[in-house]
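Remarks on the structure that follows.
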Amino acid sequence: VPVAALPLNVLKANGSTRLTSGGTFAISGVLQNVPAGIDIAWKVMEFDIGGTKTSFILDKKGQARSTQGNLKLKLTSSGGNVPFKATIKNSGWAEALNAATTTNGTADVVVSMTFAGQQYTTTLHVMAVSKSGNRVQINY
Numbered sequence: 019v020p021v022a023a024l025p026l027n028v029l030k031a032n033g034s035t036r037l038t039s040g041g042t043f044a045i046s047g048v049l050q051n052v053p054a055g056i057d058i059a060w061k062v063m064e065f066d067i068g069g070t071k072t073s074f075i076l077d078k079k080g081q082a083r084s085t086q087g088n089l090k091l092k093l094t095s096s097g098g099n100v101p102f103k104a105t106i107k108n109s110g111w112a113e114a115l116n117a118a119t120t121t122n123g124t125a126d127v128v129v130s131m132t133f134a135g136q137q138y139t140t141t142l143h144v145m146a147v148s149k150s151g152n153r154v155q156i157n158y
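In terms of the working numbering, the sequence shown is numbered consecutively and its last residue is 158.
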């Protein structure tokens, strides 16, 4: 039986990208209802930003680094709400954002994360705060 997705509580998101590719996307927020005592070592955490997928393999402290970026969870032994911060680099997320922001300056970007078999999802209404040449800076 599939588990229903929980809301992804995003506190902050911003990014900078070229209209053709690449860029950086930073996001912080809270994962709800994480089980107490969960073993997270070598578990995969997946992100889907506007249809572009990135994954991280967590260490025993809930952290990950790769060429795709970095991720940090603030886990407690009691579980519950777990704050996170992630920076995703050089991914194709820019394409999902660029079409909408080049026409009216805003875009709705669906962001989902999967952790320990639970999916978290939300839609970010982002705004292009500056466009210079072929570069877009966005904030949420």
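All C-beta atoms in this analysis are idealised placements derived from N, C-alpha and C, irrespective of residue type, glycine included.
Query	Result
Considering only the alpha carbon of each residue, which of Q81, H143, M131 lies closest to T72?	M131
Taking 6 Å as the limit between beta carbons, can you name the residues of its chain near S46, skipping five residues before and five after?	L29, K30, K103
Would you tell me roughly how many angstroms separate the C-alpha atoms of G41 and I67, rounded to the nearest one?	13 Å
Going by the CB atoms, is the gap between A134 and S163 shorter than 8 Å?	This structure cannot speak to residue 163, because the chain is shown only from 19 to 158.
Can you grab the Cα-Cα spacing for the pair V48 / T35, in whole Å?	25 Å
Whole angstroms is fine: what's the gap from H143's alpha carbon to N32's?	11 Å
Where does R83 land, buried or exposed, given buried means 16+ other C-beta within 10 angstroms?	exposed
Tell me the DSSP secondary structure of A230 in three-state form.	Residue 230 lies beyond the residue range present for the chain, which begins at 19 and ends at 158; the question has no answer from this structure.
Could you give the first and the last residue of the continuous beta strand (DSSP E) run that contains P86?	Per the sequence shown, residue 86 should be read as Gln rather than Pro. Q86 -> no beta strand (DSSP E), and no H or E assigned at all.
Anyone know if the C-beta pair for A59 and T139 falls short of 8 Å?	no
Near K78, which residues of its chain fall below 6 Å by C-beta distance, leaving aside the five closest residues on each side in sequence?	A59
To which residues does DSSP link D126 through a beta bridge?	H143
CB of A23 to nearest heavy atom of the ligand MN: below 7 Å?	What this structure holds is no ligand at all, so the ligand MN is not there to describe.
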